[in-house]
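Numbering (our numbering), first residue to last: 5 to 235.
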């Protein structure tokens, strides 16, 4: 549960959600791209901790204002918000974003993996800012060190295994299809081939059960995909 934020936002923006660059798809969480009507009213470029008002509900996330230099060669300015633990098609809807703390300035990363790691750390910073607590005390994952710790004992996960588990762990209310997981972790269209996802989930379960024998952190949703299991 998030804590009550009493400080005043540094900036408040509202508008229509339009199609963006699809950066969120790369980490399994869609981003909401706010339509820019006037560049004169835009806040300074940067990455901000954000409160989101959408469909009458409050969500939390991270907003990037700038050119996204790692993936955007056209240097187009955008206002793109990654909403934590959220996965809906909201294109065309109205959204208000309240920008609080600036986390960092935009940066061009050497490769996509480094960008994704930074996005994950930005999301963790937002969770800490809003006081969002971990959903289970048994599992801890460190993006910075690529560590997975179960009951105070570290286990080794390959890069793909870590990415799949972290995708589910960081979005506990969302059930992902195997296709969504494949595209977010392998960074290419699935083409209906999801055996790699199934095998990776099998390996994750096998390694986790070597420590937590009676706990399965990944729940299979028959005929659909996978979801994080916090029980």
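Built from N, CA and C at the ideal position, the CB exists for glycine as well. The model shown is predicted, which means the values in this text are computed figures rather than measured ones.
Pairwise C-alpha distance: residue 51 and residue 108: 5 Å
Closest Cα partner of residue 43 within the set 67, 81, 54: 81
Own chain residues within Cβ distance below 6 Å of residue 182, not counting five before or after: 198, 201, 229
Start-end ranges of the beta strand (DSSP E) lying completely within the segment 46-86, minimum 3 residues: 50-58, 61-70
Buried/exposed call for residue 68, threshold 16 Cβ in 10 Å: buried
Assigned exposure category for residue 184 - 16 Cβ within 10 Å defines buried: buried
Residues of its chain near residue 54, where Cβ-Cβ distance is below 8 Å and the 5 sequence neighbours each way are ignored: 64, 65, 66, 67, 85, 101, 102, 103, 104, 130
Cβ neighbours of residue 167 in the same chain (closer than 7 Å, five flanking residues each side left out): 189
Within the segment 115-165, ranges of the beta strand (DSSP E) (whole runs, at least 3 residues): 143-146, 151-154, 157-159
Other residues of its chain near residue 170: CB distance less than 6 Å, five sequence neighbours each side excluded: 145
Length of the line joining the Cα atoms of residue 110 and residue 15: 18 Å
Residue environment, residue 154, which counts as buried when at least 16 other CB atoms sit within 10 Å: buried
Beta-carbon gap between residue 37 and residue 56 smaller than 8 Å: no
Contact under 8 Å by Cβ, residue 99 with residue 58: yes
Alpha-carbon to alpha-carbon, residue 45 and residue 176: 35 Å
Sequence-distant residues of its chain with Cβ nearer than 8 Å to residue 158 (five each side left out): 151, 152
Same chain, Cβ closer than 7 Å to residue 140, neighbours up to 5 away in sequence not counted: 234
Residue 105 in three-state terms, based on DSSP: strand
Pairwise C-alpha distance: residue 18 and residue 40: 10 Å
Residue burial classification, residue 93 (beta-carbon count within 10 angstroms, cutoff 16): exposed
Where the alpha helix (DSSP H) containing residue 186 begins and where it ends: 182-190
Start-to-end residues for the alpha helix (DSSP H) that takes in residue 43: It is not in any alpha helix (DSSP H) - residue 43 carries neither H nor E in the DSSP assignment.
Beta-bridge pairing of residue 36 - partner residues as DSSP gives them: 85
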